[in-house]
Amino acid sequence: MTSSSSLVYVVYLLLFSLPTTAFAAKCAAPPLNLPYRNVSITPGVLTYGIPIHIGSPWQSVALTPSLQLDNTFIPRFTNTCVHNDAMPMSSNNATRRSIPLVKRKEHPGSFEENSSSDGAGKTGWEGDNWWVQCSELYGGGYAPELSSSFHDNGTNDQVRESWLKTAGFSDWHFVTEQFVLADYLDVYARTNEALPEKTNLTTSFILPDAGALFGGMGASALGITPNSTLLRALHDVKMIPSTSWTLTNSSLCLGCTDANAHTSDFQSFKPADRAADSKLPCLIQAKVEALNWHPKKGVEGATLIQDTFTACIDPGVKFLVLPDDARDAFKEIVERDVKGEYEDYIAFKGPPKEDVGILTFRLEGGLVVNVTVPGVGRVGAEEVGEWKVPIGRGGWGAYGNQTWTLGKPFTDRVVIKWDEGAKEYGIANLNDDPSRKEDIQPLGCDEFPKVEKIVTSSPGTGVLVGSVIGGFVGGLVFAMAGLWFFKRGEKGVKSKYEPLEETLPMTRIPTDRRTMDSAMSGALSPPSVRESMRSQMGSRSASPMAPQLVADNSIYEAPEGGTAYPTKRERPEMSGLGLR
Numbered sequence: 001m002t003s004s005s006s007l008v009y010v011v012y013l014l015l016f017s018l019p020t021t022a023f024a025a026k027c028a029a030p031p032l033n034l035p036y037r038n039v040s041i042t043p044g045v046l047t048y049g050i051p052i053h054i055g056s057p058w059q060s061v062a063l064t065p066s067l068q069l070d071n072t073f074i075p076r077f078t079n080t081c082v083h084n085d086a087m088p089m090s091s092n093n094a095t096r097r098s099i100p101l102v103k104r105k106e107h108p109g110s111f112e113e114n115s116s117s118d119g120a121g122k123t124g125w126e127g128d129n130w131w132v133q134c135s136e137l138y139g140g141g142y143a144p145e146l147s148s149s150f151h152d153n154g155t156n157d158q159v160r161e162s163w164l165k166t167a168g169f170s171d172w173h174f175v176t177e178q179f180v181l182a183d184y185l186d187v188y189a190r191t192n193e194a195l196p197e198k199t200n201l202t203t204s205f206i207l208p209d210a211g212a213l214f215g216g217m218g219a220s221a222l223g224i225t226p227n228s229t230l231l232r233a234l235h236d237v238k239m240i241p242s243t244s245w246t247l248t249n250s251s252l253c254l255g256c257t258d259a260n261a262h263t264s265d266f267q268s269f270k271p272a273d274r275a276a277d278s279k280l281p282c283l284i285q286a287k288v289e290a291l292n293w294h295p296k297k298g299v300e301g302a303t304l305i306q307d308t309f310t311a312c313i314d315p316g317v318k319f320l321v322l323p324d325d326a327r328d329a330f331k332e333i334v335e336r337d338v339k340g341e342y343e344d345y346i347a348f349k350g351p352p353k354e355d356v357g358i359l360t361f362r363l364e365g366g367l368v369v370n371v372t373v374p375g376v377g378r379v380g381a382e383e384v385g386e387w388k389v390p391i392g393r394g395g396w397g398a399y400g401n402q403t404w405t406l407g408k409p410f411t412d413r414v415v416i417k418w419d420e421g422a423k424e425y426g427i428a429n430l431n432d433d434p435s436r437k438e439d440i441q442p443l444g445c446d447e448f449p450k451v452e453k454i455v456t457s458s459p460g461t462g463v464l465v466g467s468v469i470g471g472f473v474g475g476l477v478f479a480m481a482g483l484w485f486f487k488r489g490e491k492g493v494k495s496k497y498e499p500l501e502e503t504l505p506m507t508r509i510p511t512d513r514r515t516m517d518s519a520m521s522g523a524l525s526p527p528s529v530r531e532s533m534r535s536q537m538g539s540r541s542a543s544p545m546a547p548q549l550v551a552d553n554s555i556y557e558a559p560e561g562g563t564a565y566p567t568k569r570e571r572p573e574m575s576g577l578g579l580r
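Using UniProt numbering, the letters of the sequence shown correspond one by one to residues 1 to 580.
Okay, structure coming up:
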């Protein structure tokens, strides 16, 4: 071996003998496991999502984690979530509190049902409660005119938003606004026993134009794609560890993963090219090899498909979009009459029942996912009500009616993660054991930074010693204060209860110490104590403590700082005596 080759070999050994952790990315912040929960943005309406505050003063919206957009989509607080501003109005609408709803696509099923009782679309929905209906779908809304920090960027092509281009929706703009994750401070303080340095940031998001529809978006979308602008902004200001994440039906763990949240190994999915196939404009694509329906757990299932199909997987779509043959087979097998079939659900006649059915998906690669469907059961002809099953046509709130999609009913039963370092998604079955304990681990970075905790005290030696010292010092201070007041009484206050000798000429003060002080100018000579006692004993016999009547023209003077037996003197203005 030559000397040059020996040198190369030595360098090779040195490089590959270094610890691999030296090349791992350092986490920019502690883990942030945000709760995915029910929130009440509008009174009386519960929305499931990630709550945020935007604007100044704050306005609240519940966001849905989504792989449909790179940016965050926040709906404008307007009734255009229901209809166009330019919709024709009938002549009698001036006196009606309702607006006619023209039957069209891109409506959620609830709006089509509420448009009229017979589906003709001739009656109107109540114009004063559109905000309730919109809040049920979008988790609130944002009114830019109410915020002093709102800024319209004036453009909608700063970032290539592929889905909005595919959907043909251009009535929107990027705006910049203050942004706060509503649960950030609470989660950070509880996890780290400390307070964060930063709790908010200013970032951009998509806002529909005034009077425009929402482009078929079915939720306020929190974009968590690999190109997510919000996650990048949070990472840049070190509010999250990395742009990797893990999503379950109860939390969004940013820069982290819960090792106990799943019961199976993760099946990997490389992000797909959203522009490669117009029928699959999504990032996670999976081939469904089998789909079976079980009316309840433990009952043998029935096959719903004859051929495999490829579907998008997206937690931002609130329902399932299945091929026509699967939908038709399901409607037939549940043995109920269909009341209506809409973009986001199928409505069956009769109320929901107690049984829980199961849709079993088997994906290429071996992953099997059981999706629960509550409300299964036979109904009688006399029973009224409606059972909604989240299987829709997909013309609204999804990728279209030709793109099969496994939405939130599917993703609620799995754990989805994005590993920024590996550049791949992973899906595993969810551990839904309520007694499981969290085991938060870094994702997309190597180690969480150490956070200096808030110093807290607990009972112990320090507390006991402090109590003893505090008691001793307190007692000493109390004793010194008592001594000081005693000295003051002996030297200062006591003298104030004696006759004010300095206020009278020395020649006027008798040698027998006339009692009490007087502010008289010499008009009357105050009686001595002996004379006063003699006059009182001669007039009546009474207890020394008995109250005594005094003349109306007498006043009392109490020395400053005390209320000892006061000096009694006559008021010159009442006695008619002149002052000298």
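In this text, a Cβ means the ideal position worked out from N, Cα and C, and glycines have one as well. All of these numbers come straight from a predicted model, not from anything done at the bench.
Rounded separation between residue i and residue j - CA only
i: leucine 363; j: histidine 107; result: 31 Å
i: proline 374; j: phenylalanine 205; result: 36 Å
i: tyrosine 342; j: arginine 393; result: 6 Å
i: residue 644; j: leucine 32; result: Nothing about residue 644 can be reported from this structure: the residues present for the chain run from 1 to 580 only.
i: threonine 292; j: alanine 302; result: In the sequence as presented, threonine is not what sits at residue 292; that position holds asparagine. Roughly 5 Å between the two C-alpha positions.
i: aspartate 419; j: histidine 262; result: 16 Å
i: lysine 453; j: glycine 49; result: 30 Å
i: asparagine 429; j: cysteine 445; result: 24 Å
i: proline 559; j: leucine 195; result: For proline 559, the predicted model reports a pLDDT of 48, less than 50, meaning its position is unreliable and no value from the coordinates is stated.
i: threonine 403; j: valine 451; result: 46 Å
i: glutamine 59; j: serine 135; result: 13 Å
i: aspartate 209; j: aspartate 171; result: 5 Å
i: valine 369; j: leucine 247; result: 16 Å
i: valine 321; j: aspartate 433; result: 28 Å
i: glutamate 332; j: alanine 381; result: 17 Å
i: glycine 223; j: asparagine 38; result: 19 Å
i: methionine 217; j: asparagine 79; result: 14 Å
i: serine 554; j: methionine 480; result: Only weak support exists for where serine 554 lies, its pLDDT of 44 falling under 50; the coordinates are left without a value.
i: aspartate 337; j: arginine 378; result: 11 Å
i: phenylalanine 179; j: glutamine 68; result: 21 Å
i: proline 75; j: tryptophan 396; result: 15 Å
i: residue 655; j: lysine 297; result: Any question about residue 655 goes unanswered here, given that the chain covers just 1 to 580.
i: valine 409; j: aspartate 344; result: According to the sequence shown, residue 409 is proline rather than valine. Approximately 12 Å, taken between the alpha carbons.
i: glutamate 424; j: threonine 411; result: 17 Å
Nearest-angstrom beta carbon gap, residue j and residue i [assumed within contact, 8 Å]
i: serine 66; j: glycine 316; result: 3 Å
i: glycine 141; j: valine 61; result: 7 Å
i: asparagine 192; j: glutamate 438; result: Actually they are not in contact, since the Cβ atoms of asparagine 192 and glutamate 438 sit about 14 Å apart, beyond 8 Å.
i: isoleucine 305; j: aspartate 325; result: 6 Å
i: glutamate 161; j: aspartate 70; result: 6 Å
Continuous alpha helix (DSSP H) stretch holding residue i: start and end
i: isoleucine 52; result: Run containing isoleucine 52: none in the alpha helix (DSSP H); it sits in the beta strand (DSSP E), 45 to 54.
i: leucine 254; result: Per DSSP, leucine 254 belongs to no alpha helix (DSSP H); it is in the beta strand (DSSP E), 251 to 254.
i: arginine 274; result: Premise fails: arginine 274 is in no alpha helix (DSSP H) and is neither H nor E.
i: arginine 232; result: 229 to 236
i: glutamine 133; result: 130 to 138
i: isoleucine 440; result: No alpha helix (DSSP H) contains isoleucine 440, which is instead part of the beta strand (DSSP E) from 440 to 442.
i: glycine 327; result: The residue you asked about is not glycine; residue 327 is arginine in the sequence shown. Where arginine 327 is concerned, the enclosing alpha helix (DSSP H) stretches over 324 to 333.
Beta-bridge partners of residue i, as assigned by DSSP
i: aspartate 152; result: Val175
i: tyrosine 425; result: Phe269, Trp418
i: leucine 358; result: The sequence shown places isoleucine at residue 358, rather than the leucine named in the question. In the DSSP output, where bridge partners are listed per residue, isoleucine 358 has His294, Thr372.
i: isoleucine 346; result: Glu341, Val389
i: phenylalanine 410; result: Beta-bridge pairing links phenylalanine 410 to no other residue.
i: isoleucine 41; result: Beta-bridge pairing links isoleucine 41 to no other residue.
i: tryptophan 58; result: Answer is none; tryptophan 58 lacks a bridge partner.
i: leucine 207; result: His173
i: tyrosine 142; result: Arg76
i: glutamine 285; result: Cys312
Nearest neighbour of residue i, chosen from the options [CA to CA]
i: leucine 443; options: Gly255, Leu234, Asn129; result: Gly255
i: serine 268; options: Glu447, Val334, Thr360, Ile284; result: Ile284
i: glycine 154; options: Ser110, Ala182, Leu207; result: Leu207
i: tryptophan 385; options: Lys353, Ser162, Glu447, Asp328; result: A quick correction: the sequence has glycine, not tryptophan, at residue 385. Among Lys353, Ser162, Glu447, Asp328, the Cα nearest to that of glycine 385 belongs to Lys353.
i: phenylalanine 174; options: Ala286, Thr72, Asn38, Pro51; result: Thr72
i: proline 57; options: Gly109, Ile74, Asp70, Pro144; result: Pro144
i: tyrosine 188; options: Val414, Ala212, Ile240, Phe348; result: Ile240
i: proline 299; options: Asp355, Tyr138, Asp273, Ile416; result: Contrary to the premise, residue 299 reads as valine rather than proline in this sequence. Looking at the Cα atoms, Asp355 is the closest of the given residues.
Start and end residues, beta strand (DSSP E) containing residue i
i: lysine 339; result: 338 to 341
i: leucine 34; result: 32 to 35
i: serine 162; result: Careful: serine 162 lies outside any beta strand (DSSP E), inside the alpha helix (DSSP H) at 162 to 167.
i: threonine 191; result: Note, threonine 191: premise wrong, no beta strand (DSSP E); alpha helix (DSSP H) at 184 to 192.
i: isoleucine 313; result: 309 to 313
i: alanine 221; result: 221 to 223
i: threonine 246; result: 245 to 247
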